[in-house]
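In the numbering used here, the protein residues as written are 225 to 486.
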């Protein structure tokens, strides 16, 4: 029998002993038990905001307003720095919405993300967040928009709300089963494995999305283990370094895996 209170205390000790700001949200999908530490704290989302964009796009597809196979031309003005590969390609390539969504998630492609924001509309993306009852999650700027950041605009979320989005995908209760399965399939193909999966078996299935900024590392995922399925979200900011932040996420993930999934 899993002692969730003891597990929470173990994670709480890690949080309290760290000089970084840490939010943790955990949910056992089989038992319906969980806990959060600083779970409602609003923090910079970095690329985790792309989860909300993914769900908005799939909702539009589910309603027949757009089609996954619709294509969009890549132009020079679309390209931005940071994560991704589209910035390295020549102009006039055509990409389907399915491909843009995949790139946005599995390699966190910023150019693909901005194209999708233009397609869906920033206001409409935020509206779906409001409709879902998200109070801490908001998209205020495009990726790599330094001018917006200088004006104080940023993208925000909380660990509890990221957990809520991931649980909706797992439960298949937001978009239809086919589109929920697609979201899960894309998240399972995530290429960044240096946070939640840092100290875990390489073959462990985790459907996840991460994000990073200077001294900030975020990761959240649905874990499929032999014993249990669970969701874990860890957001770390104001860390002494990005490497240290990744190690904190990895340590918390390992503690929970040893208790729950091993």
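A virtual CB, placed ideally from N, CA and C, is assigned to each residue, including glycine.
Measure the alpha-carbon distance for residue i versus residue j and round it to whole angstroms.
i: residue 371; j: residue 361; result: 21 Å
i: residue 404; j: residue 396; result: 5 Å
i: residue 281; j: residue 245; result: 31 Å
i: residue 453; j: residue 480; result: 12 Å
i: residue 292; j: residue 248; result: 34 Å
i: residue 251; j: residue 432; result: 15 Å
i: residue 355; j: residue 306; result: 30 Å
i: residue 550; j: residue 225; result: This structure gives no information on residue 550, because the portion of the chain shown stretches from 225 to 486.
i: residue 304; j: residue 369; result: 9 Å
i: residue 353; j: residue 476; result: 28 Å
i: residue 384; j: residue 446; result: 14 Å
i: residue 379; j: residue 271; result: 9 Å
i: residue 299; j: residue 451; result: 47 Å
i: residue 313; j: residue 341; result: 20 Å
i: residue 350; j: residue 302; result: 21 Å
i: residue 483; j: residue 297; result: 48 Å
i: residue 343; j: residue 276; result: 14 Å
i: residue 387; j: residue 290; result: 27 Å
i: residue 375; j: residue 268; result: 15 Å
i: residue 320; j: residue 241; result: 46 Å
i: residue 389; j: residue 263; result: 14 Å
i: residue 334; j: residue 416; result: 15 Å
Taking the beta strand (DSSP E) that residue i falls in, what are its first and last residues?
i: residue 441; result: 440 to 448
i: residue 184; result: No information on residue 184 is available, as it lies outside the stretch 225 to 486 that the chain covers here.
i: residue 436; result: 429 to 437
Could you name the residues of the same chain whose beta carbon sits closer than 7 Å to that of residue i, not counting the 5 residues immediately before and after it, in chain order?
i: residue 257; result: 228
i: residue 346; result: 363
What span of residues does the alpha helix (DSSP H) with residue i cover, start to end?
i: residue 383; result: 383 to 395
i: residue 370; result: 370 to 374
i: residue 479; result: 466 to 480
i: residue 411; result: 401 to 412
i: residue 227; result: Element bounds for residue 227: n/a, residue is neither H nor E.
Are the beta-carbon atoms of residue i and residue j separated by less than 9 Å?
i: residue 330; j: residue 414; result: yes
i: residue 474; j: residue 420; result: yes
i: residue 410; j: residue 295; result: no
i: residue 412; j: residue 391; result: no
i: residue 199; j: residue 427; result: A question about residue 199 goes unanswered here, because the residues of the chain that appear run from 225 up to 486.
i: residue 436; j: residue 469; result: yes
i: residue 363; j: residue 423; result: no
i: residue 253; j: residue 455; result: yes
Please go through the same chain and pick out, in chain order, the residues whose beta-carbon is closer than 8 Å to the beta-carbon of residue i, but skip the five residues on each side of it.
i: residue 238; result: 246, 472, 475, 476, 479
Kindly list the residues whose CB is nearer than 6 Å to the CB of residue i, restricted to its own chain and excluding five residues on each side of it in sequence; keep chain order.
i: residue 399; result: 282, 283, 286
i: residue 366; result: 338, 341
Let me know the beta strand (DSSP E) ranges lying completely inside the region 244 to 313, each 3 residues or longer, listed in chain order. 245 to 252, 257 to 261, 295 to 297
Going along the chain, which unbroken runs of the alpha helix (DSSP H) with 4 or more residues stay wholly within the region 313 to 382? 321 to 330, 334 to 344, 346 to 355, 370 to 374
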